[in-house]
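Notes follow once the structure below has been shown.
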Amino acid sequence: MRIGHVFEYPPAQAGQREKARKLAWLSIVLLSVGTVLLAITLGQSEAMKTAWVSEVLAMIPPASLLVAMRFELRPPSVRFPYGYYRAIAVVFLITATMLSLIGLSLFFDSAMKLLKQERPPIGTFALFGHQYDLWAGWPMVAVLAFSLGAGMLIGLLKQPVSKALHDKELEAESQMNRDEWMSEGVAIVGLLLVAFGKWWGDALAALLISIGIVRDGWHNMRQVIADLMDETPTQMGGHELEDLPARLRDAAERMPWVTRAMVRLREHGRVLTGEVFVVPRDDTPDLVGALSDAALDLQRLDWRLHELTVVPVRHLEAHPPPKT
């Protein structure tokens with residue numbers, strides 16, 4: 226058994242990993258363009274300010290992913306003998322915390338403006354000191370429409386990659402990008418309400434956008450914390466447990482020298498590791514060799530399995546541990 230070696234992605238997944246890197250750069254470029262355009266047109270609109278903050282925050286996950294990918298495949302060290310596979314989870318925990326805190330701040334700011342009945346002074350459009358005979362809300366709507374389309378495109382491109390890599394952080398980022406249409410859509414509706422004399426439309430739109438930011442932050446934080454607490458591998462896009470531990474157990478119990486087996490798995494970023502506890506038969510010849518071969522055979526059941534350990538024990542409890 227090889228201990229302390231770096232996980233090697235299969236060719237297909239290695240290609241998807243490189244695609245994820247390129248999509249992260251594409252995300253940063255498109256979101257940067259959207260951020261600049263929003264900054265130019267935001268004016269005094271509360272909804273535009275909140276949409277601009279949302280656009281800036283959306284750049285943090287892809288930037289964090291690029292940083293984490295530099296550490297993910299570093300060789301294990303004496304201080305970190307299990308490697309750096311959880312680097313992605315760590316940076317996404319930081320990102321989720323920032324999303325939640327900033328979203329709460331924007332929520333209270335928008336709520337106070339709504340309660341105070343502050344009217345947004347959206348006048349004519351000005352650019353680089355020049356005033357144009359055009360209501361400033363129309364350029365805002367155009368920029369929001371661009372941002373909406375860019376977010377949807379990025380999210381749709383990331384979705385198949387996240388499934389191929391079974392990357393929950395990338396899947397959450399993809400969902401956040403796809404949900405951008407709601408933020409931009411709400412901002413557009415708020416501006417149109419202002420155009421028809423409904424002053425509260427702007428602050429209400431900002432309030433709804435901030436709720437979306439908090440929701441994204443909380444969802445991501447809950448997922449990442451579960452991963453860091455060694456939760457059993459779960460299915461993509463939900464909380465249902467994977468059947469991989471059961472498949473590993475069944476495969477182990479089909480081995481002629483095993484009478485009973487139990488499996489314990491945990492997620493290390495995109496990698497799965499854990500133990501297969503087996504009760505060997507008393508007459509098993511060359512038990513050490515059988516254990517080594519079993520580890521290699523079982524590890525082939527899923528490309529994510531890494532340094533799976535097969536542990537011989539005298540007996541196992543009759544009942545598995547509770548699900549919660």
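First residue of the sequence shown? That's 226 in this note's numbering, and the numbers climb one at a time after it. Glycine is no exception: its CB is placed at the ideal position from the N, C-alpha and C atoms. These numbers come from a predicted model, not from an experiment.
So which of the options has the shortest CA-CA distance to residue i?
i	options	result
E233	R447, L417, S325, H531	H531
H464	V316, R472, A451	A451
V513	V536, L526, H493	V536
S270	R246, A431, W250	A431
F371	S289, A276, E500	A276
H540	Y310, D507, R304	D507
V419	R403, W363, L369	W363
L318	D511, E394, T498, W425	E394
T484	A476, L490, R491	A476
V538	A520, V503, P458	V503
E492	A486, E478, M454, D468	M454
S257	I228, V231, G240, A375	A375
V411	L381, V366, F421	V366
A237	W528, I327, I379, T534	W528
Y307	L382, V414, T498	T498
A314	G328, K383, Q448, L373	Q448
L248	A321, L339, L329, V386	V386
L417	S330, T534, R479, A272	A272
A288	D511, L255, Y309, D427	L255
L291	E456, R246, E398, L369	R246
L469	L533, S517, G422, D511	L533
A471	G268, L490, R304	L490
G328	V303, M377, V316, K274	K274
K383	S399, M377, L373	S399
R403	M377, L340, E542, I413	M377
For residue i, I'd like the list of residues in its chain whose CB is within less than 8 Å of its CB, leaving aside the five on either flank, ordered along the chain.
i	result
K388	E396, M461
S573	Residue 573 lies beyond the stretch modelled for the chain, which goes from 226 to 549, so this question has no answer here.
A264	W277
M401	A283, P286, G380, D441, N445
R299	V231, G308, Y309
Starting from the C-beta of residue i, find all residues in its chain whose C-beta is less than 7 Å away, skip the five residues before and the five after it, and write them out in chain order.
i	result
S325	V439, G442, W443, M446
R242	Y234, L390
L473	V488, V501, L523, L526
V281	T260
E467	P458, T459, Q460
K244	V386
A321	G442, N445, M446, V449
A336	L432
K338	E271, A428
Q342	none
A520	M226, L533, T534, V535
A486	R474, A477, E478, V501, F502, V503
M480	A519
Since residue i is in the beta strand (DSSP E), which residue starts that stretch and which ends it?
i	result
V303	It is not in any beta strand (DSSP E) - V303 carries neither H nor E in the DSSP assignment.
For a test of the three-state rule: what should DSSP assign to residue i, helix, strand or coil?
i	result
V535	strand
The alpha helix (DSSP H) spanning residue i covers which residue range?
i	result
L251	236 to 266
T322	312 to 340
W528	It is not in any alpha helix (DSSP H) - W528 carries neither H nor E in the DSSP assignment.
T275	271 to 283
Looking at the ligand HEM, does it come within less than 8 Å of residue i, judged from the CB to the closest heavy atom?
i	result
S330	Because no ligand of any kind appears in the structure shown, any question about the ligand HEM cannot be addressed here.
Near residue i, which residues of its chain fall below 6 Å by C-beta distance, leaving aside the five closest residues on each side in sequence?
i	result
A312	A293, F296, E297
R495	L390, D392
F332	S435
W482	P505, R506, T509, A515
S252	P287, I379
T266	P364, M365, V368
S330	none
G426	G415, L418, V419
### Task
Pick out the complete alpha helix (DSSP H) segments inside the stretch 463 to 517, 4 residues or longer, and give them in chain order.
Scanning the stretch 463 to 517 for uninterrupted alpha helix (DSSP H) segments of 4 residues or longer gives 469 to 478, listed from N- to C-terminal end.
### Task
Tell me the start and end of each unbroken alpha helix (DSSP H) in the stretch 362 to 427 that is at least 4 residues and wholly inside, in chain order.
Segments of the alpha helix (DSSP H) lying fully in the stretch 362 to 427: 362 to 390, 393 to 403, 405 to 420.
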